[in-house]
Structures are given as structure tokens and as C-alpha cells.
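Below is one structure, written out as C-alpha cells; the observations come after it.
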Amino acid sequence: MDSVTTPSRSVLRNSLILGLFAIFTVGLIAVIQQSTEQRIIAEQQRMQMRALNEILPDDQHDNDLLNDSFTVDDRKHLGLPNPATAWRGRSDGAVTAVILPVLTMDGYSGRIDLLVGIHANGELAGVRVVNHRETPGLGDKLELAKADWILSFNGKSLAMPAPEGWAVRKDGGDFDQFTGATITPRAVVQAVHKAIIYFNEHRDALLQLTPEEPTHG
Ligand SMILES: Cc1cc2nc3c(=O)[nH]c(=O)nc-3n(C[C@H](O)[C@H](O)[C@H](O)COP(=O)(O)O)c2cc1C
31 MDSVTTPSRS
41 VLRNSLILGL
51 FAIFTVGLIA
61 VIQQSTEQRI
71 IAEQQRMQMR
81 ALNEILPDDQ
91 HDNDLLNDSF
101 TVDDRKHLGL
111 PNPATAWRGR
121 SDGAVTAVIL
131 PVLTMDGYSG
141 RIDLLVGIHA
151 NGELAGVRVV
161 NHRETPGLGD
171 KLELAKADWI
181 LSFNGKSLAM
191 PAPEGWAVRK
201 DGGDFDQFTG
211 ATITPRAVVQ
221 AVHKAIIYFN
231 EHRDALLQLT
241 PEEPTHG
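So the sequence shown is numbered by my numbering: it starts at 31 and just counts up by one.
Written out as C-alpha cells, the structure reads:
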């Protein structure tokens, strides 16, 4: 009777080993997952810092850009689902440029994250893509490492080109599409245009010409 209902010592020992192994495996997976997440975050921060420096090189501001940040919260024009960090470039204390985080979900593969730098006079300082999943060889020409297309925004403003020019050539606008890929550049052009509209609507607050922080849209 006892031999049927009471587990033998070897069964107990094997159960214990199995339990310990399971705990060890779960712990190991958790550690690997956490370190991978940390590496991804560190890589994203590195890319972000590089993009900030490319958009607004050191000779165009005298402040510590990374420590001159503020929060923007706008879904309508910046596409942000949550508040996000923006930056101000200054010379002698005056804001000379802002760099806004911009998000579009209209890429071929959905989400594209951009940083859009705008000089105080409303001209684009530069645009960089910091995250995307567009197709290599087709949609990834928005990366500066692959093509110089993203530089075509430099110097553009709300008035130049006129509103109808803020589109890819296939749609009658001023911006080139990529060979065999119109969806990606169309999404980026529209997102940058909306960011410029946001800048113009909130210009005084963004440049701190008025005391209040930018209004939320
Ligand atoms: C496998 C595959 C991947 C594609 N990747 C992209 C892409 O990343 N970006 C893009 O704009 N178009 C991509 N395209 C092409 C689009 O489907 C579309 O044909 C092209 O952008 C032209 O769009 P239009 O008809 O609006 O001008 C891809 C097509 C295929 C078959």
C-alpha cells in the first residue's frame, strides 16, 4: 500500500532536480531578456545622440543640447501617442533651433520614428530617421547611410515649397520618391510637413518667446 501512494526517494529527488532546473532556466531567460532590452535602449540612445549632433552640429549652438530638453505631447501633428522628449539649441541663451520627435504609422511596415530639427526662422535644420522597419533595398533609402534623400529637407520651410509641393513627385510634389517605393517617402514627407505646421502654430512657446510651455494638440 505504502509503495503505491508514497513517492519513492528517487522520484522526489528527480522532481526536486527538475524544479531547480526550471527555476534556473526561467531566471536565465529573465537575465538575458533584461540585458538585451538594456542593449537595445542603449543603441537607440546612441542613434538618437548621433542624429541630434548631425541635425544641429556643435558649431550651431553653444548649449548642452542633451540637457536642454523639454516634453511635447501632440498626436495631431507630431503623431505622438505619448509625451516625448524634444530639445532646444541655443546661442547666448536664445533658442536658435528645436528638434522635435515625430512619429508616423504610414510607412510600408508601419511605424517610422523621426527627429525633425527646425531653425528659429522656420527653416528645417535637418531630418533623421531614428527607427523604422522599411524593406532593405526599397524603403530604407530614408537612412543617410543608404542615400542622401533625407538631406532634401534641409532649408525647406512651411512656405517653401508651397503646400502642394509638400508631397512626392508622383503625387505632384517636390520630393523624389524611391525607385519602386513610394509609400515610405510619402509617409516621411507628410510627417515632416505636419511637424513644420506644428512648429509654426507653437513657434513662440517652442522658442520660449512667451513664458508658457508648448500647448498640446
Ligand atoms: C516585399 C515588398 C516590400 C516592399 N517594401 C516597400 C517599402 O519598404 N517601402 C515602399 O515604399 N514600398 C515598398 N514596396 C512597394 C509598395 O508595395 C508599392 O508598390 C510602392 O511603394 C509604390 O507605391 P504607389 O503605388 O503608392 O506609388 C514593397 C513591395 C514589396 C512586394
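Heads up, the beta-carbon is just placed ideally off N, CA and C, and yes, glycines get one too.
Span separating the alpha-carbon of residue i from that of residue j
i	j	result
residue 247	residue 168	Confidence is the limiting factor: at residue 247 the pLDDT is only 49, short of 50, which leaves the residue's position unreliable, though a coordinate-based value still follows. Near 34 Å, if we compare the C-alpha coordinates of residue 168 and residue 247.
residue 161	residue 142	6 Å
residue 135	residue 212	15 Å
residue 119	residue 105	23 Å
residue 88	residue 138	34 Å
residue 46	residue 61	23 Å
residue 170	residue 226	23 Å
residue 66	residue 204	41 Å
residue 23	residue 207	No answer is possible for residue 23: the residues shown for the chain start at 31 and end at 247.
residue 71	residue 115	15 Å
residue 33	residue 40	Unreliable positioning characterises residue 33 in this predicted model, as indicated by a pLDDT of 48, which lies under 50. A coordinate reading is not provided.
residue 122	residue 83	19 Å
residue 42	residue 63	32 Å
residue 112	residue 101	10 Å
residue 52	residue 37	20 Å
residue 146	residue 55	44 Å
residue 191	residue 216	15 Å
Chain C contact for residue i (CB, 7 Å cutoff)
i	result
residue 173	Absence of chain C from the displayed structure is noted, only one protein chain being present.
Beta-bridge pairing of residue i - partner residues as DSSP gives them
i	result
residue 208	211
residue 61	Paired residue(s): none; residue 61 is not in a bridge.
residue 114	102
Spatial neighbours of residue i in its chain, beta-carbon cut-off 7 Å, leaving aside the 5 residues before and after
i	result
residue 173	159
residue 150	125, 126, 127, 237
residue 80	none
residue 177	171
Near ligand 1: residue i beta-carbon under 6 Å from a heavy atom
i	result
residue 168	yes
residue 214	yes
residue 175	no
residue 66	no
residue 209	no
residue 165	yes
residue 228	no
Cβ separation of residue i and residue j, assumed to be a contact under 8 Å, to the nearest whole Å
i	j	result
residue 148	residue 229	5 Å
residue 156	residue 184	6 Å
Own chain partners of residue i with C-beta closer than 6 Å, once the 5 adjacent residues on each side are dropped
i	result
residue 58	none
residue 179	171
residue 186	154
Same chain only: Cβ atoms within 8 Å of residue i, ignoring 5 sequence neighbours per side
i	result
residue 109	132, 133, 134, 135, 221, 224
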